[in-house]
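Numbering (the working numbering), first residue to last: 6 to 146.
What follows is the structure, encoded as structure tokens:
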């Protein structure tokens, strides 16, 4: 009998027998960012999976406070982007900056608007008119 391949979308049995390898996360408080080089003296945690909530709990336990926003940045001087949903799928080491509330960096963060309209529905016009039924009726938005 030929050997069966391992499932591509693991079920409970596969996850229990073959857990994903841990991912290394490096983090630093934003106040300490200027004092250290990239990758030097960053604290690290290991986490399995992609859950931002579990990562936040692990980091909060490690640093001793939980009033922070986890951010990623594009390069050393890139704008901070809040990490809100899931960790990226790629397995490389992720560097996270902890931004505390009531700081200048926190005030400059841009959070996504969950109530925003899709771009096809958004308009800059105040009185947009949609023509329905070949000109017989109009709806003003």
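Glycine included, every Cβ here is placed at the ideal spot set by N, Cα and C.
Straight-line gap, residue i to residue j (C-alpha atoms, nearest Å)
i           : j           : result
residue 40  : residue 77  : 18 Å
residue 116 : residue 108 : 16 Å
residue 142 : residue 120 : Legend: pLDDT at residue 142 = 48, less than 50; position of this residue unreliable, no value from coordinates given.
residue 54  : residue 106 : 27 Å
residue 64  : residue 113 : 23 Å
Classification of residue i by the beta-carbon crowding that lies within 10 angstroms, buried from 16 upward
i           : result
residue 104 : buried
residue 6   : With a pLDDT of only 46 at residue 6, under the threshold of 50, the placement of this residue in the model should not be trusted; the figure read from the coordinates follows. Answer is exposed; the Cβ neighbour count stays below 16.
Among the options, the one whose alpha carbon lies nearest that of residue i
i           : options         : result
residue 58  : 73, 106, 25     : 73
residue 52  : 94, 118, 114    : 94
residue 118 : 97, 106, 87, 92 : 87
residue 32  : 68, 110, 84, 90 : 68
residue 66  : 28, 49, 92      : 49
residue 100 : 75, 91, 110     : 75
residue 83  : 71, 90, 35      : 35
Helix, strand or coil at residue i [DSSP, three-state]
i          : result
residue 21 : helix
residue 12 : At residue 12 the pLDDT is 47, less than 50, meaning the model places this residue with poor confidence; the figure from the coordinates comes in the next sentence. It is coil, neither helix nor strand.
residue 71 : coil
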